[in-house]
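Q:
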Amino acid sequence: MSGKSSRPKGYQLTVKLRERLPEKRGSQKRVELPPGEPNSLAYFAESYLASLVLKYRSAATLSLRRDGLKFFLSWAGERELVSPAAITKPILESYQRHLMRHRKSNDKPLGLSTQRIRLGVLRDYFSWLTKQDHLQANPAADLELPRPEKRLPKEPLSLQQIQNLLAIPDVTDPLGIRDRALLELFYSTGIRRSELTQLQLHDLNPERQTLQIRQGKGSKDRVVPVGNRALKWVETYLETVRPKLLLHPAEQALFLTSYGGPFHPDVLSRMVAKWLKQSGMDRPGSCHLLRHSCATHLLEGGADIRYIQQLLGHEQLETTAIYTQVSIERLKEVHTRCHPAEAKPAQPRQDKP
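Start counting the sequence shown at 2; every next residue gets the next number (the numbering used here).
(1) Can you grab the Cα-Cα spacing for the pair Leu22 / Arg194, in whole Å?
(2) Hey, Leu269 and Cys295: beta-carbon distance below 7 Å or not?
(3) Let's test the definition: count the other Cβ atoms within 10 Å of the Cβ of Met101 and tell me whether it reaches 16, buried, or not, exposed.
(4) Alpha carbon to alpha carbon, how far is Thr115 from Leu184? Give it in angstroms, no decimals.
(5) Could you give the C-beta distance for Ser75 and Ser41, rounded to a whole number, given that I count them as a contact under 8 Å?
(6) Mind checking whether Arg1 and Leu144 have CB atoms under 7 Å apart?
(7) For the alpha helix (DSSP H) containing Ile212, list its first residue and its last residue.
(8) Could you work out which residue in Leu120, Asp108, Arg98 is closest to Gly69 when comparing CA atoms only?
(9) According to DSSP, simplified to helix, strand and coil, what is Gly27?
(10) Ignore the nearest five residues each way along the sequence and tell me which others in Leu277's own chain have a CB closer than 8 Å to its CB.
(11) With distances taken Cα to Cα, identify the nearest neighbour of Val224 among Ser52, Gly261, Gly191.
(12) Within the same chain, show all residues whose beta-carbon is closer than 8 Å to that of Asp222, passing over the 5 residues directly before and after it, in chain order.
(13) Might you give, ordered along the chain, the residues of its own chain that have their beta carbon closer than 7 Å to the beta carbon of Arg8, omitting 5 neighbours on each side?
(14) Pull the bridge partners of Leu205 from the DSSP assignment, please.
(15) Tell me where the alpha helix (DSSP H) around Pro175 begins and ends.
(16) Taking the beta carbon of His340 as the centre, do at least 16 other beta carbons fall within 10 Å, making it buried, or is it exposed?
(17) CA-CA distance, Val32 and Val122?
(18) When you compare only the Cα positions, how much space is there between Arg26 and His336?
(19) Taking the alpha-carbon of Glu240 as reference, which of Pro263, Tyr308, His249, Leu202 has the nearest alpha-carbon?
(20) Give a yes or no on whether the C-beta atoms belonging to Pro263 and Ala254 are separated by under 7 Å.
(21) Out of curiosity, what's the CA-to-CA distance linking Leu53 and Leu63?
(22) Helix, strand or coil for Tyr12? Go by DSSP, reduced to three states.
(23) Report the rounded CA-to-CA distance for His249 versus Ser259, giving the unit in angstroms.
(24) Is it right to say Pro209 is buried, meaning 16 or more other beta carbons lie within 10 angstroms of its own, or is it exposed?
(25) How far does the alpha helix (DSSP H) with Pro91 in it reach, from first residue to last?
(26) Taking all protein chains shown into account, do 16 or more other C-beta atoms lie within 10 angstroms of the C-beta of Ser189, making it buried, or fewer, making it exposed?
(27) Which residues mark the beginning and the end of the beta strand (DSSP E) in which Arg243 is found?
(28) Output the distance between the C-alpha atoms of Arg338 and Ser106, rounded to the nearest integer angstrom.
(29) Taking only the alpha-carbon atoms, compute the straight-line gap between Leu197 and Thr211 and give it to the nearest angstrom.
(30) State the DSSP-derived secondary structure class of Pro250, mapped to helix, strand or coil.
(31) Taking buried to mean at least 16 other C-beta atoms within 10 Å of its own C-beta, is Leu200 buried or exposed?
(32) Which of helix, strand or coil does DSSP assign to Val225?
(33) Starting from Arg67, trace the alpha helix (DSSP H) both ways and give me its first and last residue.
(34) Give every residue of the same chain whose Cβ lies closer than 7 Å to the Cβ of Arg66, excluding the five residues on either side of it in the sequence, and list them in chain order.
(35) Buried or exposed for Ala342, please, with buried defined as at least 16 other CB atoms from any protein chain shown within 10 angstroms of its CB.
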């Protein structure tokens with residue numbers, strides 16, 4: 002045994018630059034609730050959150066609930082509102098106005114979606130307090146939430162832009178092979194970044210060319226097809242690269258960082274954003290842009306929207322319709338071809354006087 006590392010070349014140079022793991026939200030540094038006196042809002046909050054573990058298996062969902070509840074408890078504590086009975090609808094409406102005025106650390110206001118989440122947590126929490134007989138009536142029962150924002154989806158990447166992006170990883174380098182496999186799988190399956198980080202070796206079925214996505218959004222499982230090109234790159238990565246990255250034989254994560262462990266979603270976002278910039282596209286969006294491009298290109302290629310819905314794992318067809326808005330370039334082509342005002346003008350007739 003020479004004792005030399007089997008790490009791929011360039012590992013020491015690459016790992017420090019792009020794959021250092023951030024603290025995982027909701028796991029390594031959990032948002033703690035302030036300690037509460039018996040029968041106080043904070044006291045009951047822990048029991049409420051414990052009840053959600055059985056209802057929501059997603060750590061991200063639980064973290065959002067805990068974070069939203071902590072924000073309210075801090076606001077209430079500053080106003081000496083300690084017991085559940087002290088909370089009335091006017092007080093909750095005052096808190097709602099506080100959310101509207103609140104500025105984040107970057108001096109930007111809270112988005113409407115964040116406000117909806119934080120108020121929705123309170124509606125659920127006070128409903129739970131009422132059902133547990135800690136309150137006689139739910140003060141949040143008629144609390145109106147902000148209407149959800151209806152944003153137009155980001156313009157998807159064109160086919161040429163996809164090819165430019167896929168060409169960025171250096172496939173003569175082992176890590177470049179892994180990165181190309183990551184991008185191909187994102188674009189082929191439309192998988193979410195959180196779902197990709199949770200993939201295990203046994204989730205890929207090369208014979209059937211399918212991928213089992215477990216505990217996706219809404220804690221739902223689904224099986225999606227994997228295209229030939231993407232499958233070949235993933236198999237090449239598994240055969241030639243993953244064994245060199247593996248530190249612990251028991252590790253089952255499909256994609257490994259240079260540290261030998263699974264990716265964190267934020268790391269994937271930073272990597273894809275960097276590749277987008279390197280390919281000449283300095284625009285917002287990263288992993289989700291590939292998901293949106295996958296869905297849009299399938300729709301433009303003639304795929305039934307119901308199949309795209311199943312691929313993306315959307316519960317409502319309306320959600321899929323939003324993600325698969327046709328690109329503006331395609332719309333311009335159709336407009337030029339079909340609108341009567343865009344037709345080649347006829348020569349004006351020379352009427353005799």
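We put the beta carbon where it would ideally sit given N, CA and C, even for glycine.
A: Inspection of the coordinates gives the following:
(1) Confidence at Leu22 is low in this model, with a pLDDT of 45, below 50, so its placement is unreliable and no value can be given for it.
(2) no
(3) exposed
(4) In a straight line, the C-alpha of Leu184 is about 30 Å away from that of Thr115.
(5) 13 Å between Cβ atoms; not a contact.
(6) No statement about residue 1 is possible, as the shown extent of the chain runs from 2 to 354 and does not include it.
(7) For the sequence presented, residue 212 should be read as Leu rather than Ile. No alpha helix (DSSP H) holds Leu212; the beta strand (DSSP E) holding it covers 211 to 214.
(8) Selected option, being the one with the closest Cα: Leu120.
(9) A caution first: Gly27 carries a pLDDT of 38, below 50, which makes its placement in the model unreliable, though a value can still be read off. Three-state result, Gly27: coil.
(10) Leu166, Asp283, Arg284, Gly286, Ser287, Leu290
(11) Gly191
(12) Gln213, Ile214, Arg215, Gln216
(13) A caution first: Arg8 carries a pLDDT of 47, below 50, which makes its placement in the model unreliable, though a value can still be read off. Excluding residues within five positions, the ones whose Cβ falls inside 7 Å are Lys245.
(14) DSSP lists Leu212 as partners of Leu205.
(15) Segment 175 to 190, the alpha helix (DSSP H) holding Pro175.
(16) exposed
(17) Low confidence applies to Val32: its pLDDT is 47, below 50, so where it sits in the model is not reliable, and the reading given next is rough at best. Each residue's Cα considered, the two are about 15 Å apart.
(18) Note that Arg26 scores 38 on pLDDT, short of 50, meaning its location in the model is unreliable and no value can be drawn from it.
(19) The candidate whose alpha carbon is nearest that of Glu240 is Leu202.
(20) yes
(21) Distance between the alpha carbons of Leu53 and Leu63: 7 Å.
(22) Reliability fails at Tyr12, whose pLDDT of 38 lies under 50, so the model's placement of it is uncertain and the value that follows must be treated cautiously. Note: Tyr12 maps to helix in three-state DSSP.
(23) 13 Å
(24) Checking the displayed sequence, the identity of residue 209 turns out to be Arg instead of Pro. Exposed.
(25) For Pro91, the enclosing alpha helix (DSSP H) stretches over residues 90 to 102.
(26) buried
(27) Counting along the chain, no beta strand (DSSP E) covers Arg243; the unbroken alpha helix (DSSP H) around it starts and ends at 243 to 246.
(28) 49 Å
(29) Within the model, the alpha-carbon separation for Leu197 versus Thr211 is close to 14 Å.
(30) coil
(31) buried
(32) strand
(33) Residues 60 to 79.
(34) Leu50, Leu53, Val122
(35) In the assembly as shown, Ala342 is an exposed residue. Its beta-carbon has fewer than 16 other beta-carbons within 10 Å.
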